[in-house]
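Working notes for the structure below.
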Amino acid sequence: MENWLPIFVAAPLGMAFLNLLVTKVFRHVSSYLTMAVVIFLLWLSIRFFGEQPFYYAMGGWMPPLGITLVWDSLSQLLVLIVSIITLAVTLFALPYMQQYTAQSKFYSLYLLMIAGMYGVILTGDFFNLFVFLEIASLASYALVAFGVEAEELEASFKYLVLGGVSSTIILLGIALLYSATGTLNMADMAGILAQGGPKNLIFFIFALFIMGFGLKSAMVPFHAWLPDAHPSAPAPISAMLSGLIIKALGIYCVARIFFIILGIVPIVKTVLMVLGGLSMVIGVFLAVGQWDFKRLLAYHSISQMGYVMVGIGLATPLGILGGLFHLLNHAVFKSLLFLCSGAFEYSTGTRQLKQLGGLMKKMPWTGTSCSIAALSISGIPPFNGFWSKLIIIIALLQAEYYLLGAVTVFVSFMTLISFVKVQKYSLFGSLPKKFQDIKEVPVLMVTGMVILALLCVGLGLLYPFYGQAILESARNLMVEPYQYLQYAMP
Amino acid sequence: MLIYFLNSILFVMGLYCLIAKKHLVKKIIGMVIMEYAINLFIILLGYKKGGIPPILLPGMEKSQFVQQSVDPLPQVLVLTSIVIGLSVMALMVAISLRLYEKYKTFDMSEIRRLHG
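Taken in order, these protein sequences are the chains called F and E.
For the first sequence, the numbering used here gives the first residue as 36, with consecutive numbering after it.
For the second sequence, the numbering used here gives the first residue as 168, with consecutive numbering after it.
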């Protein structure tokens with residue numbers, strides 16, 4: 036089984052290019068090929084679920100010289116999130132993308148993005164991390180501009196400039212780490228730094244990585260690209276960008292590099308918490324006034340990633356658990372909300388909340404899924420968002436951050452207000468005349484949304500059954516990073 | 168030490184050009200200068216004055232070879248990084264051409280239909 040680990044990257048990467056060749060002969064098969072790869076990856080991640088941590092040496096070159104892929108509890112959490120969300124999003128994309136031309140190119144870029152994300156999650160080598168990060172980012176820049184309308188190109192260019200700066204800064208950080216330790220293997224580097232590295236240089240590297248990964252995960256001083264880029268993409272890509280890319284490329288890298296490789300220090304924790312708190316507050320204030328559904332959701336992404344950052348930056352066991360749990364939940368409900376906005380746009384042709392109304396009667400499945408997701412994100416008790424926010428708030432109070440705890444409750448309240456607005460204007464109220472004869476979206480799109488809606492309910496209620504295996508094991512790794520040295524190197 | 172200082176000036180010049188210039192093509196040039204400054208920095212990490220190429224020929228002392236040869240790893244990394252930089256640049260050029268078709272201008276201050 037261990038030899039199957041590189042398939043996670045190889046299958047989507049290979050299919051991305053094979054797809055373009057095959058569609059020269061057989062047109063219209065690219066969506067089915069993509070679906071097959073995504074189902075295969077889900078099957079593979081379920082097969083790997085619960086494996087003991089191990090490393091795989093690429094090409095038989097043993098670490099620290101060769102490149103490794105590492106399977107452990109933190110990557111297990113992210114791999115499961117990515118494979119489940121991509122399945123739902125691909126189901127949604129099959130009918131949705133019929134509106135666009137050049138579908139085979141869309142699916143190739145989509146598979147490249149998936150390959151890049153799996154690579155970032157699984158790699159055990161710093162330069163390899165950078166390469167996969169760039170693969171995923173480049174695919175996402177191109178996908179944001181996929182509609183080639185004026186606004187989409189503008190958003191993509193903005194995203195490209197800021198994303199390019201962040202990648203360059205990350206590369207500078209990696210180069211400095213190489214100069215400090217003389218190795219690129221993460222486990223080897225962690226071992227060398229644990230014996231005491233050059234303090235000032237490490238602080239400089241922390242600063243570079245906070246800027247680089249902060250830009251990738253859209254923390255507040257670096258958030259300017261997100262509200263333009265995420266709404267401009269086609270709806271399935273918005274769901275992928277908001278649900279997965281900012282987590283796999285941003286928060287996951289912060290968790291892996293800061294906590295496990297470099298070893299967290301108090302001042303960096305404070306910086307992460309300040310960034311998280313700012314993101315929470317500013318994101319939600321910018322979101323409340325929006326009337327474009329997708330733009331509103333994009334601002335909420337900034338705000339909710341702030342929760343994750345606060346939870347992880349708190350660095351107590353409960354705080355990290357809350358952060359990781361909220362990461363999982365946010366991936367589910369934010370993808371679902373973006374898919375719902377796509378479904379509304381598919382049926383009605385608009386995403387301006389003021390022009391919508393009364394869609395609950397005409398589109399019961401989409402409407403119900405949208406309600407469930409809106410209740411989840413605003414933290415109403417039986418749904419998953421409530422539990423993770425509760426854990427983060429309890430952790431903040433236990434660590435005696437009373438002010439930040441109060442801010443967290445307040446932001447949750449503001450989120451509720453803004454989603455009450457969404458519900459009122461889109462689902463309830465009177466149906467405008469021109470939408471009298473709209474229909475429910477095709478069955479595959481509904482299937483994708485219903486899977487995520489069921490997850491929204493299930494993840495909250497079934498926590499006792501899966502929490503230990505998925506979330507708490509990842510938390511334990513982040514709290515006790517020296518475990519990583521035992522299995523990531525011979 | 169001087170060369171590192173000059174290198175950082177190159178980096179900051181690229182960053183300034185990327186942020187402050189309005190013209191799309193100038194922004195692309197700034198991006199490329201910034202990437203090349205980082206590439207140059209990575210090469211400098213492995214550089215030794217008067218070093219020899221990192222190829223172990225028959226009849227060379229191993230310990231002496233290690234002392235004299237330059238570090239080959241950064242050179243390999245830079246090759247990959249140049250390729251990535253090239254693809255980023257190609258995408259930027261393609262998008263800016265499409266932007267010109269839509270807006271009939273390369274001036275970023277006039278390309279503002281989004282307000283974020």
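For each residue, glycine too, the CB sits at the ideal point set by N, CA and C.
Near residue i, what residues of its chain come up, given a Cβ to Cβ distance below 8 Å and the 5 sequence neighbours on each side ignored?
i	result
Pro-262 (chain F)	Leu-321, Arg-330, Ala-333, Tyr-334, Ile-337
Leu-197 (chain F)	Leu-250, Phe-257, Ala-259, Trp-260
Pro-467 (chain F)	Gln-390, Leu-391, Gly-392, Gly-393
Leu-195 (chain F)	Tyr-176
Excluding sequence positions up to five away, which residues of its chain have a Cβ less than 7 Å from the Cβ of residue i?
i	result
Leu-359 (chain F)	Leu-112, Leu-506, Ala-509, Arg-510
Ala-92 (chain F)	Pro-98, Gly-101, Thr-103
Leu-371 (chain F)	Ser-404, Ala-408, Met-484, Leu-487, Ala-488, Cys-491
Met-180 (chain E)	Ile-200
Ala-150 (chain F)	Val-44, Pro-47, Leu-48, Ala-51, Ile-170
Val-316 (chain F)	Val-442, Val-446
Leu-236 (chain F)	Leu-211, Ala-215
Ser-202 (chain F)	Leu-168, Glu-169, Ser-172
Gly-182 (chain F)	Pro-269
Tyr-213 (chain F)	Leu-219
So is residue i buried or exposed if we call it buried at 16+ other beta carbons inside 10 Å?
i	result
Phe-178 (chain E)	buried
Ile-278 (chain E)	buried
Trp-422 (chain F)	buried
Met-344 (chain F)	buried
Gly-217 (chain F)	exposed
Glu-228 (chain E)	exposed
Leu-497 (chain F)	exposed
Tyr-135 (chain F)	exposed
Val-166 (chain F)	buried
Asp-223 (chain F)	buried
Ser-465 (chain F)	exposed
Ser-230 (chain E)	exposed
Anyone know if the C-beta pair for residue i and residue j falls short of 8 Å?
i	j	result
Ala-378 (chain F)	Thr-401 (chain F)	yes
Pro-271 (chain F)	Phe-127 (chain F)	yes
Gly-502 (chain F)	Phe-418 (chain F)	no
Ala-229 (chain F)	Gly-159 (chain F)	no
Gln-235 (chain E)	Ile-209 (chain E)	no
Phe-535 (chain F)	Leu-266 (chain E)	Summary: the structure shown does not reach residue 535 (chain F), with chain F confined to residues 36 through 525, and so no result is reported for it.
Ile-426 (chain F)	Gln-339 (chain F)	no
Val-72 (chain F)	Met-50 (chain F)	yes
Gly-440 (chain F)	Leu-432 (chain F)	yes
Asn-174 (chain E)	Leu-212 (chain E)	no
Phe-162 (chain F)	Leu-244 (chain E)	yes
Ser-542 (chain F)	Met-398 (chain F)	No information on residue 542 (chain F) is available, as it lies outside the stretch 36 to 525 that chain F covers here.
Leu-178 (chain F)	Met-254 (chain F)	no
Leu-168 (chain F)	Leu-68 (chain F)	no
Phe-43 (chain F)	Leu-79 (chain F)	yes
Pro-225 (chain E)	Pro-239 (chain E)	no
Tyr-530 (chain F)	Pro-88 (chain F)	Nothing can be reported for residue 530 (chain F), as the shown portion of chain F is limited to 36 through 525.
Ile-156 (chain F)	Val-117 (chain F)	yes
Ala-225 (chain F)	Tyr-519 (chain F)	yes
Gly-318 (chain F)	Asn-364 (chain F)	no
Leu-243 (chain F)	Gly-208 (chain F)	yes
Pro-233 (chain F)	Met-132 (chain F)	no
His-361 (chain F)	Gly-341 (chain F)	no
Val-260 (chain E)	Ile-195 (chain E)	yes
Leu-281 (chain E)	Glu-186 (chain F)	yes
Phe-328 (chain F)	Ser-461 (chain F)	yes
Ala-180 (chain F)	Ile-262 (chain E)	yes
Met-70 (chain F)	Leu-164 (chain F)	no
Between which residues of its own chain and residue i is the CB-CB distance below 6 Å, once the five residues before and five after are set aside?
i	result
Ile-280 (chain F)	Ser-175
Val-481 (chain F)	Trp-400
Ser-143 (chain F)	Ala-51, Asn-54, Leu-55
Ser-478 (chain F)	Here residue 478 (chain F) is Val; the residue named in the question, Ser, does not match the sequence. Hits under 6 Å: none found.
Phe-241 (chain F)	Val-303
Every unbroken alpha helix (DSSP H) inside the stretch 39-76 of chain F [4 residues or more]: If we require 4 residues or more, the alpha helix (DSSP H) runs fully inside the stretch 39-76 of chain F come out as 42-60.
Chain F contacts made by the stretch 227-259 of chain E, where a contact means CB separation under 8 Å: For the stretch 227-259 of chain E, the residues whose beta carbon sits under 8 Å from a beta carbon of chain F are, in order, Leu-240, Pro-241, Leu-244, Thr-247, Ser-248, Ile-251, Ser-254, Val-255, Leu-258, Met-259.
Cβ-based contacts, 7 Å cut-off: residues of the stretch 138-171 of chain F near chain E: Within the stretch 138-171 of chain F, the qualifying residues are Phe-162, Val-166, Glu-169.
Alpha helix (DSSP H) runs wholly inside the stretch 209-277 of chain F, at least 4 long, in chain order: Counting whole runs of 4 or more residues, the stretch 209-277 of chain F contains the alpha helix (DSSP H) stretches 221-229, 234-252, 261-267, 270-275.
Where the stretch 204-236 of chain F meets chain E: residues whose CB sits under 8 Å from a CB there: Within the stretch 204-236 of chain F, the residues whose Cβ lies closer than 8 Å to some Cβ of chain E are Leu-206, Leu-207, Ala-210, Tyr-213, Ser-214, Leu-219, listed in chain order.
Where the stretch 168-192 of chain F meets chain E: residues whose CB sits under 7 Å from a CB there: Listed in sequence order: Glu-169, Leu-173, Tyr-176, Ala-177, Ala-180, Val-183, Ala-185, Glu-186, Leu-188, Glu-189, Ala-190, Ser-191, Phe-192.
Contact set between the stretch 176-207 of chain E and chain F, restricted to residues whose Cβ is under 7 Å from the partner: Residues of the stretch 176-207 of chain E with a Cβ closer than 7 Å to any Cβ of chain F, in chain order: Leu-185, Lys-194, Met-198, Met-201, Glu-202, Ile-205.
Length at least 4, wholly inside the stretch 372-418 of chain F: the alpha helix (DSSP H) runs in chain order: Taking only runs of at least 4 residues, the alpha helix (DSSP H) segments lying wholly in the stretch 372-418 of chain F are 394-397, 399-412.
Members of the stretch 356-378 of chain F that neighbour chain E once the beta carbon cut-off is set at 9 Å: So nothing in the stretch comes that close.
Contact list for the stretch 260-287 of chain F against chain E, Cβ threshold 7 Å: Answer set for the stretch 260-287 of chain F: Pro-262, Asp-263.
Every unbroken alpha helix (DSSP H) within the stretch 451-508 of chain F, with a cutoff of 4 residues, ordered by chain: If we require 4 residues or more, the alpha helix (DSSP H) runs fully inside the stretch 451-508 of chain F come out as 478-496, 498-502.
Contact residues within the stretch 447-469 of chain F, judged by C-beta distance below 8 Å to chain E: For the stretch 447-469 of chain F, there are no residues whose beta carbon sits under 8 Å from a beta carbon of chain E.
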